[in-house]
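Before any comments, here is the structure.
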Amino acid sequence: MKTENQRAWFLVAPVVLLVAFNALVPLMTVVNYSVQETFGNNQFFWSGLKWFEEILTSERFQAALGRQLFFTFTILIIQIPLGIIIALAMPRRGIWVPVCLVLMSLPLLIPWNVVGAMWNIFALPDIGLLGYFLNQVVGIDYNYTRDPVAAWITLIAMDVWHWTSLVVLLTYAGLVSIPDAYYQAAKIDGASPWAVFRYIQLPKLSRVLTIAVLLRFMDSFMIYTEVSVLTGGGPGNSTTLLSIDLVKIALGQFDLGPAAAMSLIYFLITLAVSWVFYTVMTRNEGK
Amino acid sequence: MARISLNALRHAYGPVRSDADYALKQIDLTWDDGGAYALLGPSGCGKSTLLNIISGLLVPTEGQILFGDRDVTRASPTERNIAQVFQFPVIYDTMTVYDNLAFPLRNRRLPEDRVDARVREIAAMLELDRDLTRRAAGLTPDAKQKISMGRGLVREDVNVIMFDEPLTVIDPHLKWKLRSKLKELHQRTRVTMIYVTHDQTEALTFADRVVVMQDGVVVQVGTPVELFEEPRHTFVGHFIGSPGMNVLPAEVSGGVARVAGHPVLDAPVIPAARRLEVGVRPEFVGFGTTGLPARVVRVADVGKARVVETRVGDTRVLAVVGEGQPVPDGDAHLVFDPARTALFADGWRVDAKGAAA
Numbered sequence: 012m013k014t015e016n017q018r019a020w021f022l023v024a025p026v027v028l029l030v031a032f033n034a035l036v037p038l039m040t041v042v043n044y045s046v047q048e049t050f051g052n053n054q055f056f057w058s059g060l061k062w063f064e065e066i067l068t069s070e071r072f073q074a075a076l077g078r079q080l081f082f083t084f085t086i087l088i089i090q091i092p093l094g095i096i097i098a099l100a101m102p103r104r105g106i107w108v109p110v111c112l113v114l115m116s117l118p119l120l121i122p123w124n125v126v127g128a129m130w131n132i133f134a135l136p137d138i139g140l141l142g143y144f145l146n147q148v149v150g151i152d153y154n155y156t157r158d159p160v161a162a163w164i165t166l167i168a169m170d171v172w173h174w175t176s177l178v179v180l181l182t183y184a185g186l187v188s189i190p191d192a193y194y195q196a197a198k199i200d201g202a203s204p205w206a207v208f209r210y211i212q213l214p215k216l217s218r219v220l221t222i223a224v225l226l227r228f229m230d231s232f233m234i235y236t237e238v239s240v241l242t243g244g245g246p247g248n249s250t251t252l253l254s255i256d257l258v259k260i261a262l263g264q265f266d267l268g269p270a271a272a273m274s275l276i277y278f279l280i281t282l283a284v285s286w287v288f289y290t291v292m293t294r295n296e297g298k
Numbered sequence: 009m010a011r012i013s014l015n016a017l018r019h020a021y022g023p024v025r026s027d028a029d030y031a032l033k034q035i036d037l038t039w040d041d042g043g044a045y046a047l048l049g050p051s052g053c054g055k056s057t058l059l060n061i062i063s064g065l066l067v068p069t070e071g072q073i074l075f076g077d078r079d080v081t082r083a084s085p086t087e088r089n090i091a092q093v094f095q096f097p098v099i100y101d102t103m104t105v106y107d108n109l110a111f112p113l114r115n116r117r118l119p120e121d122r123v124d125a126r127v128r129e130i131a132a133m134l135e136l137d138r139d140l141t142r143r144a145a146g147l148t149p150d151a152k153q154k155i156s157m158g159r160g161l162v163r164e165d166v167n168v169i170m171f172d173e174p175l176t177v178i179d180p181h182l183k184w185k186l187r188s189k190l191k192e193l194h195q196r197t198r199v200t201m202i203y204v205t206h207d208q209t210e211a212l213t214f215a216d217r218v219v220v221m222q223d224g225v226v227v228q229v230g231t232p233v234e235l236f237e238e239p240r241h242t243f244v245g246h247f248i249g250s251p252g253m254n255v256l257p258a259e260v261s262g263g264v265a266r267v268a269g270h271p272v273l274d275a276p277v278i279p280a281a282r283r284l285e286v287g288v289r290p291e292f293v294g295f296g297t298t299g300l301p302a303r304v305v306r307v308a309d310v311g312k313a314r315v316v317e318t319r320v321g322d323t324r325v326l327a328v329v330g331e332g333q334p335v336p337d338g339d340a341h342l343v344f345d346p347a348r349t350a351l352f353a354d355g356w357r358v359d360a361k362g363a364a365a
């Protein structure tokens with residue numbers, strides 16, 4: 012008979028405890044709120060799935076979800092190819108490698124609210140460098156505080172500036188780990204640069220790109236700080252993404268029940284989409 | 009197809025401050041069209057560097073490469089029209105085995121029916137025909153390396169096919185089989201092949217001519233028999249043969265070379281050298297009633313023969329004694345076959361006229 016060593020449980024226990032207190036317990040309070048109604052005075056009444064129904068059928072939630080999906084899709088479509096192109100263009104050896112890496116890391120090191128504030132000022136039509144330039148020099152009527160299209164363009168430009176570096180760094184790490192022999196063999200086989208990319212680099216990058224897409228999806232789907240500082244969800248509701256709307260409901264209107272239900276729906280969407288991504292993108296491995 | 013000449017080739021990977029910075033010190037070499045060559049030497053001797061310079065993956069620091077009469081020193085691998093197989097399998101993960109083999113042909117825009125015929129022929133030869141439709145990524149390392157080799161062999165019109173220790177990852181029983189296949193293919197197609205290895209058995213069984221390298225220098229080019237019987241350098245004597253050649257410190261005076269004060273060889277008058285040695289293969293060392301006094305230390309039976317380890321003073325001398333021949337116990341006298349014994353000055357063989365080779 013094989014005796015199993017049960018001591019491992021003791022080693023796992025501290026982590027379980029930590030996760031319980033910083034994730035599971037808070038999450039359970041949210042679950043608790045989502046199925047109850049409160050009239051202040053700390054009085055709670057059971058309300059079943061009422062809040063979930065209300066949120067899912069509300070136009071406000073659907074609109075915010077639509078904006079969120081549009082935002083995430085757009086930044087992925089820009090950041091992933093752009094990140095790959097920049098990583099391919101970066102030098103593989105020599106003194107410019109650390110220079111490029113530091114330059115690429117800089118946007119990632121800036122606190123998120125500072126990024127928001129920077130772009131807020133940068134894009135202001137009357138005093139911001141970008142806003143003033145567009146209005147006075149190029150002559151475009153650009154005002155992100157008034158025009159929803161301008162607000163969206165500013166928002167996406169900010170996210171691309173902030174996060175493309177992550178894709179670049181991940182892709183670059185994947186690229187430098189491809190052994191030289193592959194490039195040499197491709198040269199001998201007479202492969203074109205496109206064939207090298209298509210048949211060597213892209214397949215070898217599939218793993219890091221899966222991670223990059225996953226991270227960018229999750230982060231962009233949950234984005235709050237930069238948007239909140241840049242536009243605060245406006246003008247009107249035009250840039251009110253899910254997280255902005257959630258904060259408005261929870262802390263602005265103090266509707267704890269609907270806010271809790273919305274958090275859970277939000278969480279489940281993120282989880283489900285991440286799972287689908289991961290399963291689909293790793294399906295071909297190991298075959 | 010063409011004859012390949014390397015003229016005064018030198019290569020350094022970094023900046024050159026002294027001669028020691030060269031990975032290839034000075035190479036002058038001609039590869040005849042249609043030859044089967046082995047490039048033999050220990051790890052780090054510059055074999056792969058030389059190979060990459062011939063294939064065009066590296067541009068030499070100095071010197072010139074000619075394919076026929078054409079200077080290709082700076083030409084790309086594609087322009088040189090060569091094939092190369094690397095030490096570790098390189099396969100295109102997302103392609104099937106068939107597409108992998110067809111890749112070099114399709115890149116050169118060969119008509120698809122020719123591609124198909126060629127791929128099937130090579131696949132049959134390498135016994136990959138049953139896996140043709142499978143994705144290459146899921147195969148064993150053996151099969152992957154066979155695909156790599158197949159991509160090297162699939163083109164018919166190449167100037168030279170180069171193999172950079174291609175059988176490192178292959179199972180021993182398959183190694184022998186693949187090597188005979190290569191040999192067979194060479195005899196059929198007569199394409200120049202250069203086979204890099206650090207394994208003397210591989211080199212000697214594959215090649216018509218073997219190029220032995222050490223420390224970025226070619227020390228000898230010759231047939232396997234020449235390398236065995238007339239090593240031009242103590243390194244060749246030592247590296248080729250099992251066990252390798254005995255190399256004993258010697259001094260020369262009055263036209264006689266002496267080992268431990270005992271005359272063993274008539275020697276010409278030679279210019280001053282830092283180091284004189286006498287080299288003799290264990291196969292040509294015998295026992296007699298007179299000769300170099302030695303002490304038998306150990307006898308190892310290796311099947312058809314016995315390897316006798318003796319000591320002359322503190323120097324180890326090996327002798328190979330055939331079956332049924334007596335091996336003395338304890339003190340003995342060694343006799344070297346004079347036709348197979350040579351004098352080496354600073355490592356290089358001294359011929360009868362006294363010039364160091």
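Sequence lines, in order, name chains U and F.
129 is the number that my numbering gives to position 118 of the first sequence; each next residue is one higher, with no gaps.
284 is the number that my numbering gives to position 276 of the second sequence; each next residue is one higher, with no gaps.
A virtual CB, placed ideally from N, CA and C, is assigned to each residue, including glycine.
Classification of residue i by the beta-carbon crowding that lies within 10 angstroms, buried from 16 upward
i	result
H368 of chain F	Nothing about residue 368 of chain F can be reported from this structure: the residues present for chain F run from 9 to 365 only.
R78 of chain F	exposed
S26 of chain F	exposed
K185 of chain F	exposed
N254 of chain F	buried
G146 of chain F	exposed
F56 of chain U	exposed
G297 of chain U	Low local confidence applies: a pLDDT of 46 at G297 of chain U is under 50, so the model's placement there is unreliable, and no value is given.
T82 of chain U	Here residue 82 of chain U turns out to be Phe, not Thr, going by the sequence shown. It is buried - the Cβ of F82 of chain U has at least 16 other Cβ atoms within 10 Å.
D172 of chain F	buried
M39 of chain U	exposed
R208 of chain F	The residue asked about is misnamed: residue 208 of chain F is Gln in this sequence, not Arg. Under this definition Q208 of chain F is a buried residue.
G139 of chain U	buried
L257 of chain U	buried
CB of residue i within 8 Å of CB of residue j, strictly
i	j	result
N115 of chain F	I155 of chain F	no
T102 of chain F	L140 of chain F	no
L117 of chain U	L177 of chain U	no
Y155 of chain U	T242 of chain U	yes
R18 of chain F	L32 of chain F	yes
I211 of chain U	Y100 of chain F	yes
Q47 of chain U	W174 of chain U	no
I202 of chain F	L48 of chain F	no
A192 of chain U	V98 of chain F	yes
T176 of chain F	Q95 of chain F	yes
T323 of chain F	L256 of chain F	yes
F236 of chain F	G249 of chain F	yes
R348 of chain F	V310 of chain F	no
L351 of chain F	A258 of chain F	yes
L59 of chain F	M170 of chain F	yes
F214 of chain F	L193 of chain F	no
G268 of chain U	Y44 of chain U	yes
Which of helix, strand or coil DSSP assigns to residue i
i	result
K298 of chain U	Note on K298 of chain U: pLDDT 43, under 50, position unreliable in the model; no value is reported.
N60 of chain F	helix
A365 of chain F	Low per-residue confidence applies at A365 of chain F: pLDDT is 48, beneath 50, and the placement is therefore not dependable enough to give any value.
V207 of chain U	helix
R218 of chain U	helix
M170 of chain F	strand
E48 of chain U	strand
M201 of chain F	strand
Would you call the region 9 to 19 of chain F in contact with the region 39 to 52 of chain F, where contact means no fewer than 3 C-beta pairs closer than 8 Å?
yes
For the structure I just gave you, are there three or more beta carbon pairs, one from the region 96 to 105 of chain U and one from the region 173 to 185 of chain U, closer than 8 Å?
yes
Between the region 87 to 107 of chain F and chain U, which residues of the former have a C-beta closer than 8 Å to a C-beta of the latter?
I90, A91, Q92, F94, Q95, F96, V98, Y100, D101, T102, M103
Would you call the region 253 to 266 of chain U in contact with the region 67 to 84 of chain U, where contact means no fewer than 3 C-beta pairs closer than 8 Å?
yes
When Cβ atoms are compared, which residues of the region 173 to 202 of chain U fall closer than 8 Å to chain F?
P190, A192, Y193, Q195, A196, K198, I199, D200, G201, A202
Do the region 344 to 362 of chain F and the region 302 to 317 of chain F meet, that is, are 3 or more Cβ pairs less than 8 Å apart?
no
Any 3 or more C-beta pairs closer than 8 Å across the region 293 to 305 of chain F and the region 258 to 265 of chain F:
no
Counting Cβ pairs, one atom from each stretch, are 3 or more of them under 8 Å apart for the region 112 to 126 of chain U and the region 195 to 207 of chain U?
no
Spell out a yes or no on whether the region 280 to 290 of chain U and the region 220 to 237 of chain U are touching, meaning 3 or more CB-CB pairs, one atom from each, closer than 8 Å.
yes
Just by C-beta distance, which residues in the region 32 to 65 of chain F are closer than 9 Å to chain U?
N60, S63, G64, L65
Report yes or no: do the region 237 to 246 of chain F and the region 68 to 76 of chain F share at least 3 C-beta pairs separated by less than 8 Å?
no
Near-chain F residues of the region 213 to 225 of chain U (beta-carbon distance less than 7 Å), N- to C-terminal order:
P214
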